[in-house]
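Colleague: Residue numbers (this note's numbering): 2 to 263. Okay, handing you the structure first.
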């Protein structure tokens, strides 16, 4: 078969169509998540923050609103960097299955990945309530303590340089290896693969997400900065060096916070 006839085959057309659908879908979902975060940040004046300060951080309404915030924030931060993996998965399932079934498998795989970040958001929400209860973070959802902020940065910096971080990052940066080594057929298996990839990415990025407790959970500059670092680490050729440079920068920031105590 010639290249021209191959490019015009139904499977090739389906692959091009799926690629467009996935990239467009990721862009739209990410854009909506960020628009929601910007709207929420701009819609919380000082009076609203004072109201939050007086509210019990363990109140069910407070926990629910914070959980929604964390989930949307994790989608906005973590979905773009998963795009290469989603595209590779879609390419494989489209070659093995009918177009409609392949798209269902891709959606289930992506849902499994996002499910892990939803569960991470539950943990982050409970941790946030506990930190507010201990007065380690303020009603503005940023650190009240240089010791706490400095310690978070130092731990994050050290973790960035560990073999575990490197192993998880390699898993995120090698989508084809992941597919070849963990491939399973079926809807339930597709969900499991998505969950497994999500767990690898949580292992790669969990400490960076916790840095938001130091710099401000709703500080959109830092949220965006960390999202960009995650994207560079996972999807760009120099990602491993970016992780090391990020680790050194976090250590320097941690020392800066701790030095203010002297």
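Ideal placement from N, C-alpha and C gives every residue a C-beta, glycine not left out.
(1) Please report the residue range of the alpha helix (DSSP H) in which residue 186 lies.
(2) Quick check for students: name the residue ranges of the alpha helix (DSSP H) that lie wholly in the region 162 to 205, counting only runs of 4 or more.
(3) Could you give the distance in angstroms between the alpha-carbon of residue 167 and the alpha-carbon of residue 234?
(4) Pull up the DSSP beta-bridge partners for residue 138, would you.
(5) Out of 156, 155, 114, 125, state which residue places its alpha-carbon closest to the alpha-carbon of residue 173.
(6) Could you tell me the distance, in whole angstroms, from the CA atom of residue 95 to the CA atom of residue 104?
(7) Which residue wins for smallest C-alpha separation from residue 42, given the options 67, 219, 127, 75?
(8) Can you tell me the Cα-Cα spacing of residue 59 and residue 131, whole angstroms?
(9) Spatial neighbours of residue 93 within its chain, please: C-beta separation below 8 Å, excluding the five flanking residues on both sides.
(10) How would you call residue 122, buried or exposed, if buried means at least 16 neighbouring beta carbons within 10 angstroms?
(11) Using the rule of at least 16 other Cβ atoms within 10 Å of the residue's Cβ for burial, across every protein chain shown, is residue 48 buried or exposed?
(12) Could you give the first and the last residue of the continuous alpha helix (DSSP H) run that contains residue 92?
(13) Just confirm the distance between the C-beta atoms of residue 204 and residue 230, as a whole number of angstroms; I'd bet it's less than 8 Å.
(14) Can you tell me which of the three DSSP states residue 238 falls into?
(15) Following a CB-centred definition, is residue 127 positioned closer than 7 Å to any heavy atom of the ligand ATP?
Modeller: Quick answer:
(1) Within the chain shown, the letter at position 185 stands for residue 186. Note, residue 186: premise wrong, no alpha helix (DSSP H); not H, not E.
(2) 164 to 174, 176 to 183
(3) Numbered from 1 along the chain shown, position 166 holds the residue referred to as residue 167. Numbered from 1 along the chain shown, position 233 holds the residue referred to as residue 234. When rounded, the distance between both Cα atoms is 10 Å.
(4) Walking along the chain shown from the start, residue 138 turns up at place 137. In DSSP, residue 138 forms a bridge with 144.
(5) On the chain shown, residue 173 is found 172 positions in, with the first residue counted as 1. Out of 156, 155, 114, 125, 114 has the C-alpha closest to the C-alpha of residue 173.
(6) Within the chain shown, the letter at position 94 stands for residue 95. Within the chain shown, the letter at position 103 stands for residue 104. Cα to Cα, the separation comes out at about 8 Å.
(7) Start at 1 with the first residue of the chain shown, and residue 42 comes out as number 41. That would be 219, whose Cα lies nearest to the Cα of residue 42.
(8) Mapped onto the chain shown, residue 59 falls at position 58. Mapped onto the chain shown, residue 131 falls at position 130. C-alpha separation (whole angstroms): 8 Å.
(9) Counting from 1 along the chain shown, the entry for residue 93 is found at position 92. Within the same chain, residue 93 has close Cβ partners 180, 184.
(10) The residue given as residue 122 occupies position 121 in the chain shown. Buried, because 16 or more other Cβ atoms sit within 10 Å of the Cβ of residue 122.
(11) Locating residue 48 in the chain shown gives position 47, counting from the first residue. The predicted model places residue 48 with a pLDDT of 47, which falls under 50 and marks its position as unreliable; any figure quoted below should be read in that light. Counting Cβ neighbours within 10 Å, residue 48 comes out exposed, since fewer than 16 surround it.
(12) Here residue 92 refers to the residue found at position 91 when the chain shown is read from its first residue. Looking at the DSSP string, the run of the alpha helix (DSSP H) that includes residue 92 is 84 to 97.
(13) Stepping through the chain shown from its first residue, residue 204 is reached at position 203. Stepping through the chain shown from its first residue, residue 230 is reached at position 229. Residue 204 to residue 230, Cβ: 16 Å. No contact.
(14) The sequence position of residue 238 within the chain shown is 237, counting from 1. Coil.
(15) The ligand content of the structure shown is nil, which means the ligand ATP is not present either.
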